[in-house]
Each structure stands twice: as C-alpha cells, then as structure tokens.
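Since the structure comes first, as structure tokens, the remarks are kept for the end.
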Amino acid sequence: MISIRRPASPAYICLPLIILCVLLCFNLLRQTLPELSLGGFDFSAASDVKAMSTVVLQFSVLPRVAIALLVGAALGLAGVLMQQVLRNPIASPTTLGVASGAQLGLLLATLFAPGLLTFGGEWVALAGGAISLLIVLSLSWHRGLAPVAVVLAGLVVNLYIGALSTVLILFHQEEFRGLMIWAAGSLAQNSWSDTLNLLPRLIVAAVIAGLIARPLALLELDESSASSLGISIRKLRLVSLGLSVFITASAVSLVGVVGFVGLAAPVIVKLMGARTLMQRLLWAPVFGGLLLLTTDLLLIQYSAQLPSVVPTGAMTGLLGAPLLLWLIPRLALKDTSASANKTTLQSAGKPTSRTFLWLFVLLLVSIVAALFVTQSPGGWVLNDTAQWASIANWRLPRVLAAAGAGILLALAGATIQRMTGNPMASPEVLGISSGTAIGLIVTIYFSAHVTAPLLILAGSVSAIITLAVLILLNRRTGFQSERLLLTGIAIAALFDPLRSIFLANGDPRIQQVIAWMSGSTYYVDFSTGLSALLIAVMMVALTPLVARWLDVLPLGRNVALGLGLSVDKVRLILLGVVAILTAFATLIVGPLSFAGLLAPHVARMLGFSKALPHLVGSAMVGALLMISADWLGRQMLFPQEIPAGLVAALLGGAYFMWGLRKY
Amino acid sequence: MLSFLDNSLLSARYSCYQKVLVLGLLVLLLFSLMLVSLSVGAAVSSPGQSQNAAPPRVATIDWTLVETLLSLGVVPVAAAQIKDYQTWVGEPPLPEQVVDIGLRAQPNRELAASLQLDLILISPLFSAIEPTFSQIAPVQTLTTYNPDNDFWQNLVETTRRVGEMTNRSAEAEAVIDRHRARIEQLKEEMPADTPPLLVVQFIDDRHVRAYGKGSLYDMVIRRLGLQNAWKGETNMWGYTTVGIEELTTDGYLIVVDPVPMSAEGVFDNNRIWQTLPAVRHDRVLSLPAVWSFGALPSAVRFADELYQAVTGHAGTHSGLSDL
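Top to bottom, those sequences are chains A and B.
Heads up: the first sequence at position 459 corresponds to 513 in my numbering, and the numbers run straight through without jumps.
Heads up: the second sequence at position 256 corresponds to 401 in my numbering, and the numbers run straight through without jumps.
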C-alpha cells in the first residue's frame, strides 16, 4: 500500500510527543502544587490554599490527563475501524452522524425536556447518536452495507441533522451556552467518573477489535474474494461499524465533540509506516491519545492568558493539521484509481431531454414563487408587478445570488467529485471555502473599516493562498485524489478553532457568524447578485471545454494517459477552476453551502452520468435548490429568516435520502 | 453463505421495506419541520395604531436599546427576537403591539420597510445591516460597550442620546438622575466591611462565566464602593469563561440565575465546588436573573438585588440553604 522511501515507524512521531507530554505534565504539576518544588508535600496541612490545590490536582488535573489519553485512544481506534470498513481515508468516527445525532439530542432535551439533563446528559447524547446510526444503517442496509452506500447515507444524515441543529442554535443562542462548550469538545473534568466510565468500554472495544482484526484485514481485498474466504461481509461490517460507533458515542457523550483526532490519527500512523491493519490498530490509539493529550496540555499552559475558553476538541486541528500537511508530500500513497472501487452510485434510468425540460420548468416556478409570493404579518400575499420596486429592491438580489451561488457550487462539486472519484468530495472538503472564510473573518475582526472591496480582496487573496498550498503540496505527486482531499481536509481543520472559539464563548457576534457561515443571501446587494449570476452562466457556457477531461479522468490514471490526456496538467487546471468557482461562491453566500455536495449527487440520481449533461444538470439542480431554499428560508418562520444553505441541506438531504432507497 | 441468505431474504421483503422507509423519511421530514416551527413559535402581531405624534416611529434590534427606550417611556414600533427578549431581559416588559422583525443578526427588511419607520437604532455589533436598513429609515449607531470609557458614563451617554433622538431629553435626564441617586443611596447603606465579590453565571457543570472589567456587574459593584474579586482578563463584553476550580475567592461568590439544569448537580456532589473557600465558609449568594448586557434599569436592579442579598446574608448567615 505504501512505498517507503526511508524506514519509518510511528514510533518516530510518538516518542517526541511522549517527551513533550512528560515535560508539560511536570510543569503543570509544579504550577498546581507550588509546594512540590520545595521538596516534600505535606498533605496534612489544612490551609485553604493547600486543600484547594490538592483537590484540584486530584479531581481536575489528573482526571483530565487520563480522559485526554482515553478519548484520543478511543477515537484513534474508532477511526481505524471506520476507515478500514468504509475503505475511505477521509472517513472519520463522526462520518456516520454519531456526533451530530448526539448534539441534536442534547439540543432538543435542553429545549423541551431539561429534566432529562439532570438525570444524565450522557444518555441523551448516546440515544441521539444511536438514532442517527440506525437511520444510516437502514438507508444502506439493502446494499449490504457497501462502503459507498454507508458513506453517502452517513454524509446526508450528518448534513441533515447538522442543519437542524444549526437552525436551533441560531434561534436559541442564549439557552445553548453550555452545549456550545460541549460541542467544541472541552476536556475539563471535575471527578473521575468520566474516566471510570470510558475505561472499561474502551478495554472491551479493544479486545473485540483485536478479535475481528484478521477477517477485517481481508476487507481490503475486493468483496468477492473476501466472501469466498468464508466471511459474511455484511455481518462483519455491521460489527465493526457498530463497534466504532459505540466507542465514538461513549467518548463524545462524555466530553463533547472531538472529531479531528479520529481522522488524523489513523492517517498519520499509516503515513508514518504502520502498514498492516494490526499495526494501525495498535499505533493509532497510542498516537491519538498522545496527540489529544499534547494539545490539551499546551492549551492549559498557554490559554490562561486568553480571556476566552479554548476548547481542546477543535484545537486538535491546530496541531494535527500542520502535522498532516507536513507528512502528505513526504510519503507516497497509492493512487486509488476511481474505477478500482465503485465510488459513485450508478443511476437506473436514462436521462432524456425531458428531464432537462422538467428541471427548467421547476426552475421557472421557483423563481416566480421567490419573487412574487411572500408572507406578511397579515398572512400569505401574492404580489403583482405593481410592487415591482419593492420586489426588485429586496427580493431580486437574493434570487440572483442564490441562483448564481447554487450554480457555481454545483459545478465545483460535480468537477471535484468526478476528478477525485470520491463521493465525499465537495468544494468544502477541498479547503478553499475554509481558506476564504479564514481570510474574511480575520479581516472583519482586525480592520476598523470593513468595506465590500476590502472583503473581496481579502477573500480572493486567501483563496489564492489556499490554492497555492494545495498545489505546492501536491504538484510533485500529480494531484492524486487521496492526497488532495487530505490536504483540503487539513486546511479545513485549521478553520475549526476559529469557529469554535466564537461558539464556545457565547460571543454576542455568534448569531451573525453562524448565519453567514451557513450560506445566507441576506447581505447581498443587487450588483453582487447580478455579477454572481453572470459569472455562473459564463461558467456553465464554458463546461464543454472540460467535459472530455471529466469523462476520461474517472476511468483512472492509466486509461487517461493511454487516451493521450496529460493527467497532471489537466488536474492542475481543473483544480484552479474549482478554486475560482468556490471562492466566488464563498464571497457571495459564505463558506458552507451544501449545494456543492448535494447537487451533483442529485443530478446523478436523476440519471445524468456523462460529464457534460452531469455538469449542466448539476448546475440546474444547484440553482433550483438554492432559489427554493432561499425562498422557503424567508417564509417558513416569518419574520425570522433561515439561511438558504441550511434549508438547502434540509431539502436536498430529504430528497437524497428518498433517492438512496433505490440504489 | 450467510450474506447470501440475508440477501435472498431481503429481496423478498424488499418492497415492503421500501414502503416503510419512504414512510419513515416522510415522517422524519414532517417531524423536523414541525419541530423547528414549534420551537420558534414566531409570534407575529399586527402593526400598532399610530402613537401620539411626539416620539418618532423607532425600531431597534439591540436589546440594551430596547430597555433604554422603554425606560424613557418610548414604545418602539418594532424590535428583534421579542420572545427571547421577554425570556432573557424580561424587565421592563415589551407591550403587545410591538412588531417582531426577526433575528437580531438578520432582521426582516421587507417587514421593516412596511412599518413607515422614522428611525432605526442599532449597536456597532449589527453594523453589517446598516447599508441596507438606511434605505428604509435613518440608522443611528449607539456604542454602549466601549472598554476604553467608563461603563456608567457610556450608559448615561446612550440614554441621553436616545432621549435626544426621540424628543425625550427631559425624561432622559430624569431617568439618569433617578438611577444615579438610587445607586448612591445603596452605596451609603451597604455594610462597610463587605468583602470582595466574585460574580459568576453557570454555563454547565464545569464552566462558569466570570464577570470582570468592562461588564455591567463589575461597573455596579465598583459604583457601590465594593471590590470585584475577578482580576483576570476579560473579553470585549467584560466576561470570561473559566472552570469552577478558578473561583478561589475569600469573599462572596455571587451566582446569578438562571442556573442551567445540566449544572444543578454541582452543588451537591462536586468535590471541587465543595472545597472552594467561599462554599466552605458559607459565603455563596444566589441572585435572581438580571440581563448581563443591560442598560440603566438593569444596572440598578442588579444593585438592589445585590444589596438585599448581602445584607440579608449578613443578618442570617444562611446563604447556602437556598441553593
């Protein structure tokens, strides 16, 4: 799987971390118990200060170290299992919606049944996670829990539940102060109970993982040879997915959402030379625990000066992401050609021009509705052209922007999915929207006078920087899909801390940030909207130029080379195109619009499989999705407005789940 | 083998399974839509009848400014997130006829445009909406949270400016004088030997917000001639989120309501909480909810509650019993 340029072992990376942890721990002990350095510690002395520091050491510091190691190890183990079963290097323990289900459970309990929380928030979280897992399994059961079906089902359930949670957070920011800390993953402890809860579960899980390691390793073979060796594949998948989710849910329900470790630890130990599954099962938990502990100790050390709580969960990205970025160009991954494993759902029916016609009609209907139908304090109103001035002033820019952004994101998504052959790929996954968002947020909070041209400049510059990082890290290796996606995910993980500091501290600006980040057309004026649509239409007109490339690339590198395609150059150009599309869309509606992920999948379900119809179909679906989402978002909870990106996730997600049953 | 068996069994039940799944998805969608609308329960009231001519038709999306307007006797035509205002600010209550114009971050422009407003008041926090809202009516930005100046002076200044804009200058001066006098009076009556105070609000069972320099609570404490025990860094709004092990004050520990459900276990079975000096010496005071980003009325209400809690406690020495 991995060609090695020099002898490597995960020990090389674990050892420095251990040394660092020991040093930091020692320092922490000295700070907690100043008497230690004077030699001898008198436990019997009963002054307030001493009593306090002893209790803090015993019930806060030590449990925190223990829980960091345990949670990191649990997520590392869960991540290895998940990536093995789903055969996807960018799968993580939270891919199947466990964390988002747990969060929605807690949000609902806080709003409607706060009594449950005194009884035990942990169980509410577990139940939420279990329910979302059941939905994922039921959506992919009839396909024998095949990796691509599970991944897609997990993806859509994650999106759907995540969008629901975000809507609730948007409308109830004060009630959810505490939950936001949980959602960012705080390891603060006040007793040993979490540790004692997690430890036995982790031991049991590790034993089971050891038992199923051998058959699980055979999953790397293709399905038919694995089943000919006498393995019930579905049963094996069910057991390992269940195990992975059980460990994740236990960790998440206790300390909150700590996601990145579960993705990074398995990948990093693999990159460092843990080749077999057994090696990875051993090393990933060790490395995961150390990574989380190091992050946490560094945080304790340096966050005391900050006026805000900095949750550990999100911060693992700050340490893990650069490590991942540093490793990616150094060690070679095999190029998984898309044809080798079936990565997309093939449609049953063939598309006809009639499908296009239907899409076009639906698009017209949604535009008319978005412009002329609205709610008012008196009820539903059908405006006529007499109110055109007000319509042109308030609604037209939003419809234009929604259509433009939908098209841009859908084109970007379709291109990146065809180029990488990975169904989880989306403009967000490539990191460009996160990069752009970092630039915008930093500008907003560090400049006294924020103007539109300044924002556009900042957004474009940071998009270009992100693209440059992507190209620099991947140029030498010919833009392999896995490497490209991992780079993007690492960049996106750098954006997480920024976001979660806002969320966890209950910063009063939180509502604005959430609204903008979830894809809102609220701040768009007429000229921006119009230029968005014009650029989008222009891009659609240019699609025939790249259609042949995108037809050939999914056939795999060798086939493409054989057909005379200069693969590296083509991938570079396509990457540039995706970056431009994504940056534009991010500038208009913010970084997280699910249209880029969903529209290409929906277009495929409608039967568009060849590149050109797929691109055009995706663009139409994207526009339809965003326009209707924007309109519904303005009407559903009138006078409150729900950002279009969230409604798009709910609409597209519902259609997607309905469509999954056929495949 | 087994998987093969599974498959054949499954294909037999496939159509039935399909129906159940579709039904399930529909129910899921319906449920989630219901849930969202239920939880928000947008209470839309119709625009009120025209008021007496004197004050202009004002809308504001900032709750501190709502409170200021109401203290001057001006009822705004529209305000943002009214239901949440009633829950979190509460006092003074907003009359029924005030129109809800939606979220504070993204108030509904079409609705605002239909209300024939004369003036829109915002705080710098919401400056992003200024360009579009100034097409509806003149927008005025009032800065109350400015760490460089004295907080009390900021509040006085805001009240004065709101008074000018709404033709209520005389009322504004009266309100300022009345609130200042009340605080002076409480300062006189406050026991001279009151130890430093540490004001916190519980977030969950492990974290609290501690209020320091730049917060409403800190300003009131210092105006009452008392000391705030929280000396650490704070953010732009004067608070910081810390673990409960940091609350090692020898003076009073003031817990401002509401305590969230998830934190209620803390008082009975948390070793760190029980070891805190303030807890062991029975110096924890519980205060009714006061909006922590409030205007003059909130400040005086906090001062009143604080005075009652401190004097009540000094008299009976039974602070923990009500926790």
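Using N, Cα and C, we set each Cβ at its ideal position, and we do this for glycine too.
Buried or exposed (CB count within 10 angstroms, at least 16 for buried), residue i
{"i": "Asp207/B", "result": "buried"}
{"i": "Leu265/A", "result": "exposed"}
{"i": "Lys324/A", "result": "buried"}
{"i": "Glu695/A", "result": "buried"}
{"i": "Ala440/A", "result": "exposed"}
{"i": "Pro451/A", "result": "buried"}
{"i": "Arg529/A", "result": "exposed"}
{"i": "Gln298/B", "result": "exposed"}
{"i": "Val340/A", "result": "buried"}
{"i": "Pro292/B", "result": "exposed"}
{"i": "Ala595/A", "result": "exposed"}
{"i": "Pro252/B", "result": "buried"}
{"i": "Val185/B", "result": "Because Val185/B sits at a pLDDT of 42, beneath the cut-off of 50, its placement in the model cannot be relied upon, and the following sentence gives the value as read from the coordinates. Result: buried."}
{"i": "Val103/A", "result": "exposed"}
{"i": "Asn197/B", "result": "Confidence at Asn197/B is low in this model, with a pLDDT of 41, below 50, so the placement of that residue is unreliable and no value is reported for it."}
{"i": "Val400/B", "result": "buried"}
{"i": "Arg334/A", "result": "buried"}
Selected residue, minimal CA-CA separation from residue i, among the options
{"i": "Arg368/B", "options": "Gly308/B, Gly218/B and His324/B", "result": "His324/B"}
{"i": "Leu158/A", "options": "Phe230/A, Pro431/A, Arg625/A and Ile121/A", "result": "Phe230/A"}
{"i": "Tyr577/A", "options": "Thr277/B, Pro292/B and Val243/B", "result": "Thr277/B"}
{"i": "Leu83/A", "options": "Leu140/A, Ser114/A and Cys68/A", "result": "Ser114/A"}
{"i": "Ile461/A", "options": "Leu233/A, Thr366/A and Gly583/A", "result": "Gly583/A"}
{"i": "Gln346/B", "options": "Phe438/B, Ile267/B, Arg306/B and Thr304/B", "result": "Phe438/B"}
{"i": "Thr108/A", "options": "Ala522/A, Leu454/A, Ala468/A and Gln85/A", "result": "Gln85/A"}
{"i": "Tyr290/B", "options": "Met364/B, Ile389/B and Gln419/B", "result": "Met364/B"}
{"i": "Arg715/A", "options": "Pro117/A, Leu206/A and Leu411/A", "result": "Leu206/A"}
{"i": "Met335/B", "options": "Gln453/B, Arg425/B and Thr286/B", "result": "Gln453/B"}
{"i": "Ala455/A", "options": "Ala424/A, Leu199/A and Lys623/A", "result": "Ala424/A"}
{"i": "Phe549/A", "options": "Ser574/A, Val190/A, Glu482/A and Trp603/A", "result": "Glu482/A"}
{"i": "Phe692/A", "options": "Arg268/A, Leu191/A and Pro431/A", "result": "Pro431/A"}
{"i": "Val353/B", "options": "Glu391/B, Val424/B, Arg254/B and Asn373/B", "result": "Glu391/B"}
{"i": "Gly676/A", "options": "Met326/A, Ala267/A, Gly616/A and His655/A", "result": "His655/A"}
{"i": "Leu160/A", "options": "Gly151/A, Leu150/A and Leu171/A", "result": "Leu171/A"}
{"i": "Arg313/B", "options": "Val203/B, Tyr397/B, Lys332/B and Gln419/B", "result": "Val203/B"}
{"i": "Pro283/B", "options": "Pro201/B, Leu256/B and Gly370/B", "result": "Pro201/B"}
{"i": "Pro645/A", "options": "Leu253/A, Ala517/A and Gly371/A", "result": "Ala517/A"}
Beta carbon of residue i nearer than 9 Å to that of residue j
{"i": "Ala250/B", "j": "Ala698/A", "result": "no"}
{"i": "Val321/A", "j": "Pro551/A", "result": "no"}
{"i": "Leu239/B", "j": "Leu262/B", "result": "no"}
{"i": "Tyr338/A", "j": "Ala328/A", "result": "Reading off the sequence, residue 338/A comes out as Ala, not Tyr. For Ala338/A and Ala328/A, yes; Cβs fall inside 9 Å."}
{"i": "Leu436/A", "j": "Val427/A", "result": "yes"}
{"i": "Phe533/A", "j": "Leu599/A", "result": "no"}
{"i": "Ile589/A", "j": "Phe648/A", "result": "no"}
{"i": "Gln138/A", "j": "Leu331/A", "result": "yes"}
{"i": "Ala653/A", "j": "Leu463/A", "result": "yes"}
{"i": "Val204/A", "j": "Leu297/A", "result": "no"}
{"i": "Leu540/A", "j": "Pro143/A", "result": "yes"}
{"i": "Ile486/A", "j": "Thr640/A", "result": "yes"}
{"i": "Ser304/A", "j": "Asn244/A", "result": "no"}
{"i": "Ser672/A", "j": "Leu465/A", "result": "yes"}
Own chain residues within Cβ distance below 7 Å of residue i, not counting five before or after
{"i": "Ser154/A", "result": "Ser186, Asn212, Ile215, Gly216 and Ser219"}
Contacts around residue i, its chain only, beta-carbon distance under 8 Å, and the 5 residues preceding and following it disregarded
{"i": "Ser420/A", "result": "Leu678, Ile681, Ser682 and Trp685"}
{"i": "Ala394/A", "result": "Any reading at Ala394/A must be qualified, since the residue scores a pLDDT of 38, below 50, and its modelled position is unreliable; no value is offered."}
{"i": "Ala366/A", "result": "The question names Ala, yet the displayed sequence has Thr at residue 366/A. So the qualifying residues of the chain are Ala122, Gly239, Ser240, Leu241, Val312, Leu346, Thr349, Asp350 and Leu353."}
{"i": "Cys79/A", "result": "Val119 and Leu351"}
Close beta carbons around residue i, own chain, < 6 Å, minus the five adjacent residues each side
{"i": "Asp349/B", "result": "Ser407 and Ala408"}
{"i": "Val387/B", "result": "Ala355"}
{"i": "Phe296/B", "result": "Met364"}
Cβ-heavy atom distance, residue i to the ligand NAP, below 8 Å
{"i": "Leu686/A", "result": "Because no ligand of any kind appears in the structure shown, any question about the ligand NAP cannot be addressed here."}
Interface residues of the segment 121 to 143 of chain A facing chain B [CB-CB below 9 Å]: none
Contact list for the segment 228 to 249 of chain A against chain B, Cβ threshold 9 Å: Glu228, Glu229, Arg231, Gly232, Leu233, Met234, Ile235, Trp236, Ser240, Ala242, Gln243, Asn244 and Ser245
Chain B contacts made by the segment 169 to 195 of chain A, where a contact means CB separation under 9 Å: So the close ones are Gly169, Leu170, Leu171, Thr172, Gly175, Ile189, Ser192, Leu193 and Trp195.
Where the segment 426 to 455 of chain B meets chain A: residues whose CB sits under 8 Å from a CB there: Phe438
Members of the segment 524 to 553 of chain A that neighbour chain B once the beta carbon cut-off is set at 8 Å: none
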